[in-house]
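Numbering (my numbering), first residue to last: 428 to 678.
Glycine included, C-beta positions come from ideal geometry on N, C-alpha and C.
These numbers come from a predicted model, not from an experiment.
Working notes, beginning with the structure itself.
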């Protein structure tokens, strides 16, 4: 559903022990179509310590475990001291961390219904709050450059992360590259844009003696978004894609 409606970032704020094959296929297919998938690492069971995902994998955050490609971007939670929150699961399935303690947020609001009479609530804790923060930063990055691939988004988020403090339980608990840093991530995208070569102007590619008039050929719905330019005589000049490769809505 998300892919059909053009989603380029999917946030998954739930975990479970079952490794559902249909979900794995759907997530893998979405990633191959250019979708960045963010999943929460999950929280400790009531009254129990946080889970080491290397020993007890949870899904879908560990769906890509054992594969040669990191197509699920796992997110753990940090506390007010930028340390791993005590409840946050941890391990090799986690790529990054984000704040996840004492959130105030909107909530289900139904005046007159006991328990749902306030539009805002708090103070919420959980990796379900951390994952959307990373998804939001990824959305900012894609707003700057819609051609960024899921791999590029993940690489930049990891490279721009801040170090975290010592683990509250004294464990060597892995929570990925560190704490998400939105400002640094956006700055790195800007640097990539500055370093990118400037495309040659179309006018410089026209043959000598050309009238300068261009014929533009564009595809209809269902086809790759390739735009081709020709001279009046039918001589091919150049082509480009104004939309991501997976776009099939017609140009």
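Legend entry - Beta-carbon proximity check, residue 515 vs residue 503, cutoff 8 Å: yes
Inset, instruction - Would you identify the three-state DSSP class for residue 582, choosing helix, strand or coil? - result: helix
Legend entry - Buried or exposed (CB count within 10 angstroms, at least 16 for buried), residue 562: buried
Inset, instruction - Verify whether the separation of the beta carbon atoms of residue 481 and residue 519 is less than 8 Å. - result: yes
Inset, instruction - Find out if the Cβ-Cβ distance for the pair residue 558, residue 466 is shorter than 8 Å. - result: yes
Legend entry - Expected contact under 8 Å - CB spacing of residue 532 and residue 549 to nearest Å: 7 Å
Inset, instruction - Classify residue 459 as helix, strand or coil using the three-state DSSP reduction. - result: helix
Inset, instruction - Could you pull out every residue in the same chain whose Cβ sits closer than 8 Å to the Cβ of residue 551, ignoring the five residues on either side in sequence? - result: 529, 530, 531, 532
Legend entry - Residue nearest to residue 659 in terms of C-alpha spacing, selected from 642, 616, 668: 642
Legend entry - residue 431 - partner residues in DSSP beta bridges: Note: residue 431 sits in no beta bridge, so no partner.
Legend entry - Pair within 8 Å by beta-carbon distance, residue 448 and residue 477: no
Inset, instruction - Compute the minimum distance between the beta carbon of residue 655 and the heavy atoms of the ligand ATP, and state whether it is under 7 Å. - result: With respect to the ligand ATP, the structure shown offers nothing to examine, as it has no ligands at all.
Inset, instruction - Determine which residues share a DSSP beta bridge with residue 674 and list them. - result: Its beta-bridge partners do not exist; DSSP assigns none.
Inset, instruction - Using 10 angstroms around the beta-carbon of residue 498, count the other beta-carbons present and answer buried if the total reaches 16, otherwise exposed. - result: buried
Legend entry - Residue closest to residue 511, alpha-carbon to alpha-carbon, out of 546, 483, 469: 469
Inset, instruction - State the Cα-Cα distance for the pair residue 488 and residue 656, rounded to the nearest angstrom. - result: 44 Å
Legend entry - residue 521 to residue 636 span [Cα, whole Å]: 59 Å
Legend entry - Straight-line Cα distance separating residue 574 from residue 613: 14 Å
Legend entry - Boundaries (first-last residue) of the alpha helix (DSSP H) holding residue 554: 554–571
Inset, instruction - Starting from the Cα of residue 433, find the closest Cα among 444, 626, 460, 576 and give me that residue. - result: 460
Inset, instruction - Return the bridge partner residues of residue 475 from the DSSP annotation. - result: Partner(s): none; residue 475 has no beta bridge.
Inset, instruction - Excluding the 5 residues preceding and the 5 following residue 648 in the sequence, name in chain order all residues of the same chain whose CB lies nearer than 7 Å to its CB. - result: 675, 676, 677
Inset, instruction - Excluding the 5 residues preceding and the 5 following residue 669 in the sequence, name in chain order all residues of the same chain whose CB lies nearer than 7 Å to its CB. - result: 652, 654, 678
Inset, instruction - Note down, in chain order, each residue of its chain lying with its Cβ closer than 8 Å to the Cβ of residue 536, except the 5 sequence neighbours on either side. - result: 543, 544, 545, 546
Inset, instruction - Output the residue ranges of the beta strand (DSSP E) runs that lie fully inside the region 484–528 and measure 3 residues or longer, sorted by chain position. - result: 500–505, 523–526
Legend entry - Burial state of residue 590 (16 or more Cβ within 10 Å): exposed
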